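The numbering used here applies: residue 2 is where the sequence shown begins, and numbers increase by one.
Think of the CB as a built atom: it goes at the ideal place given N, C-alpha and C, for glycine as much as any other residue.
Just so it is clear, the structure is predicted and the values come from calculations on it, not from any experiment.
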Amino acid sequence: MPNLFAASARFFRLGPALGLRRYSSRVVPPMGNIPMPYITEITTGGWRTYDIFSRLLQERIILLNGSIDDSTSASITAQLLWLEADSPDKTITMYINSPGGMVSAGLAIYDTMEYISSPVSTVCVGAASSMASLLLVGGAAGKRYALPHSAIMVHQPLGGTQGQTSDILIYANQIQRIRNQVNDIYRSHVNAALPQDKQLDAAAVEKIMERDNYMTAEQAVENGVVDEILRKRPTE
């Protein structure tokens, strides 16, 4: 996987364990100062107004936008669990445009995607970097997509510490353990999409993840990170 850009920011950060927040029927993901659109519909019971994210949730669509932190993870995890409870066999579609974020928060989302019975289709819109690329590659087999001008970046976890030698060694061992976990996740999902003669062993994945590696949508398909480039919405 060629590194297509000279410089990039690293967004894999170790963070505290996920703490679940109270979840309401209204989905308001962290969007900074972006104005919140609202939709008003006429129903048999009268007028009903939704924020745009709650309306998309009714269509089993989740939007992962911006950095992945504990707040984002709690919101995405709650939405996944709710949609599975609502219709366990129906596909959930997650649109991803994210620079990545905390490893613990991202793994909480990934584990929930694996845990629920609903298949989760992932779609990269814009960019899926670092931890976000792990969520992209972790979508249901055959249902991982990228829009034509998407950019995907993979790399190893980033961390740092200071203190006594024994504490530094403990932290280094933890970083290595997480790195191995992340590499195994990538390898498992990528190899499932690649032909037998292109399967990656552990050493090959570790080399790929050693530095920032950028891919176009076409390269992501070639390397088994996504299954297909979406140029138009599929018609059913």
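### Message
Quick check: what's the CA-CA separation for G164 versus R212?
### Response
26 Å
### Query
Since S189 is in the beta strand (DSSP E), which residue starts that stretch and which ends it?
Premise fails: S189 lies in the alpha helix (DSSP H), 166-194, not in any beta strand (DSSP E).
### Query
Whose CA, out of Y187, A218, N181, N224, lies closest to the CA of D198?
N224
### Query
Which class does D202 belong to by DSSP, given the choice of helix, strand or coil?
coil
### Task
Answer yes if the stretch 58-77 comes into contact with the stretch 97-117, meaning at least three C-beta pairs across the two stretches below 8 Å, and no otherwise.
yes
### Task
Specify the secondary structure class of L159 as computed by DSSP and reduced to three states.
strand
### Message
When you compare the CB positions of S122 and T92, do they come within less than 7 Å of one another, or not?
### Response
yes
### Query
Is DSSP giving L64 helix, strand or coil here?
strand
### Query
Roughly how many angstroms separate the alpha carbons of R232 and A173, rounded to a whole number?
43 Å
### Task
Whole angstroms is fine: what's the gap from S26's alpha carbon to Q80's?
At S26 the pLDDT is 38, less than 50, meaning the model places this residue with poor confidence; the figure from the coordinates comes in the next sentence. One C-alpha to the other measures close to 10 Å.
#### Entry: When S88, I62, E219 are compared against H150, the one with the closest alpha-carbon
E219
### Task
Count the CB pairs spanning the stretch 141-156 and the stretch 113-129 that are closer than 8 Å, and state whether there are at least three.
yes
### Task
Identify, in the order they occur along the chain, each residue of the same chain with its Cβ nearer than 6 Å to the Cβ of I94, setting aside the five sequence neighbours on each side.
Checking the displayed sequence, the identity of residue 94 turns out to be Thr instead of Ile. If we look at T94 and ignore the five residues flanking it on each side, its Cβ neighbours are I62, S122.
### Message
I'd like to check one pair, V104 with I179: are the Cβ atoms closer than 7 Å?
### Response
yes
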